[in-house]
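Under my numbering, the first residue of the sequence shown is numbered 28, with each subsequent residue one higher.
The structure appears right after this line, and notes come after that.
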Amino acid sequence: MERGTFLEVDLKKLAENSRRTMELCAAHHIEVLGVTKGFSAIPEIVRAMADGGITKFADARLENIKLLRASGFLQHMTLLRIPMLSQTDEVVFYTNASLNSEYEVIEQLSSSAASVGRRHDIVLMIEVGDLREGLLPEDARAVMRRVLELPGVRVAGVGTNMGCYGGILPTDRNLTALCRVAEELQNIAGYDFDVVSGGGTSSLMLAASGEMPAGINQLRVGEGILLGTDTTHNMDIPWLNQDAFVLHSEIIEVKEKPSVPYGETGLDAFGNTPVFEDMGVRRRAIVALGRQDSPPAGLTPFDPGVKILGASSDHMILDIEDAERDYRVGGLMDFRLNYQGLLNICSSKYVRRIYKNKA
Ligand SMILES: *Cc1c(COP(=O)(O)O)cnc(C)c1O
28 MERGTFLEVD
38 LKKLAENSRR
48 TMELCAAHHI
58 EVLGVTKGFS
68 AIPEIVRAMA
78 DGGITKFADA
88 RLENIKLLRA
98 SGFLQHMTLL
108 RIPMLSQTDE
118 VVFYTNASLN
128 SEYEVIEQLS
138 SSAASVGRRH
148 DIVLMIEVGD
158 LREGLLPEDA
168 RAVMRRVLEL
178 PGVRVAGVGT
188 NMGCYGGILP
198 TDRNLTALCR
208 VAEELQNIAG
218 YDFDVVSGGG
228 TSSLMLAASG
238 EMPAGINQLR
248 VGEGILLGTD
258 TTHNMDIPWL
268 NQDAFVLHSE
278 IIEVKEKPSV
288 PYGETGLDAF
298 GNTPVFEDMG
308 VRRRAIVALG
318 RQDSPPAGLT
328 PFDPGVKILG
338 ASSDHMILDI
348 EDAERDYRVG
358 GLMDFRLNYQ
368 GLLNICSSKY
378 VRRIYKNKA
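Following this line, the structure appears as structure tokens:
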């Protein structure tokens, strides 16, 4: 039996989630970019997504894309985070396309691409309400005209973000606004765009209900495929698996203790003043996991009777008084992860990974 703190990854469930997402989208003429940033683009997991039918990938970090290239992935890759001016040579070398909102950066991508005789695809990000990256619709035309003059780059289409900064939901209204900008820019360009990219996981719901505006032909999906959840709509996606990732952590202490600390009160290890409710003496467990691996808010115990009380850098404290199982020192506690938890756990060098159902 595996011991310690480790992430168990069910590759078959990930492949299933990939396939179901692809099929749903294909039925509405939407292509899927498989987004790999949620798990630091670990090659075994990317392979499972490819087994599930994903043919194009995207990541926010160039480091992750470089790792995939070094691991032999030749697929189409899009850089999701608008590029830094300082990385345009590498962006052109390692990726096929990037999302962009700054003319100055596109101009430099153009020089980087032209100087090595390559063509780099640009997706112009358009602001339609969530207020993260993106050109205001009224500024997009001028940028389109200027980019048409640049060698080495080609506007492959437009895109937008939803539910990222502003928590704005994708709707027929804001995605139709994106399609309208796409039409205007295509008229200026004089050719049809390859992509009108309508967001990420939070846009899947519109596709599933058949309400996606017809002009949208691409989604960039991470969370749904990985976790089967849609945080922006605060729901599980019923046709996807929610348990492809399970975090296990070994129990290192089990004791009955008072629920309120005693002695003179200062600040906790992170400079906060902790507040406690007096629930009397309760049974508690400590697991070999802490904030260095993930903030407590990133994890949820599978056992509904277990509650996370708090965590310091290396210890996580759980109330197990009402637990369904009898937890002992040396046993394992199982956690479900949210996107934040998955991001953190996959970048912790202290958490091993175990793969299940390898193809
Ligand atoms: C992270 C990211 C996505 C994927 O979002 P999910 O909610 O994980 O599907 C899509 N587009 C951009 C620009 C991103 O940064």
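Glycine included, every Cβ here is placed at the ideal spot set by N, Cα and C.
Under the DSSP assignment, threonine 327 falls in the beta strand (DSSP E) whose first and last residues are 326-328. For ligand 1, residues qualifying as neighbours are Val62, Ala87, Leu107, Gly227, Thr228, Arg247, Val248, Gly249 and Glu250, where qualification means a beta carbon closer than 5 Å to at least one of its heavy atoms (chain order). When the alpha-carbon of alanine 241 is set against those of Gly317, Val222 and Thr256, the nearest one is in Val222. A direct Cα-to-Cα measurement between isoleucine 279 and aspartate 257 gives close to 33 Å. Counting only runs that start and end inside the stretch 183-209, there is no alpha helix (DSSP H) element of at least 4 residues.
Residue burial annotation: tyrosine 354 is buried, with at least 16 other C-beta atoms found within 10 angstroms of its C-beta. Residue ranges of uninterrupted beta strand (DSSP E) with 3 or more members, entirely inside the stretch 98-161 and ordered along the chain, are 103-106, 124-127 and 147-152.
Contact holds between the stretch 67-74 and the stretch 85-94, because three or more Cβ pairs, one in each stretch, are under 8 Å apart.
Only residues of its own chain outside the window of five on either side were considered, and among them Thr32, Phe33, Leu34, Asp320 and Ile372 have a CB closer than 7 Å to the CB of valine 378, listed in chain order.
Straight across, the Cα-Cα distance linking valine 180 with tyrosine 130 is about 12 Å. For valine 378, there is no enclosing beta strand (DSSP E), since its DSSP letter is neither H nor E.
The residues Ser229 and Thr259, in chain order, have a CB closer than 6 Å to that of glycine 190 in the same chain once the five nearest residues on each side in sequence are set aside. Per DSSP, reduced to three states, the secondary structure at glutamate 304 is coil, with no helix or strand assignment.
Around the beta carbon of asparagine 299, a 10 Å sphere encloses fewer than 16 other beta carbons of the protein chains shown; the residue is thus reported as exposed. Annotation for threonine 82: Gln102 and His103 place their beta carbon closer than 8 Å to its own, counting only its chain and skipping 5 residues before and after. Counting only the Cα atoms, leucine 370 lies some 19 Å from isoleucine 335. Under DSSP, lysine 282 forms a beta bridge with Arg311.
For leucine 112, the CB contacts under 8 Å within the same chain, skipping 5 residues up- and downstream, are Glu131, Val132 and Gln135 in chain order. Sequence-distant partners of isoleucine 344 (beyond 5 residues in either direction) whose C-beta falls short of 8 Å from its own C-beta, in its chain, are Arg311, Ala312, Ile313, Ile335, Leu336, Gly337 and Ala338. Each of Pro178, Ala167, Val174 and Gly65 was checked against the Cα of glycine 186, and the nearest Cα belongs to Ala167. Looking at the DSSP output, lysine 40 bridges to nothing. For arginine 363, the enclosing beta strand (DSSP E) has its first and last residue at 359-364. Proximity of the stretch 269-287 to the stretch 356-364 meets the contact definition, three or more beta-carbon pairs being nearer than 8 Å.
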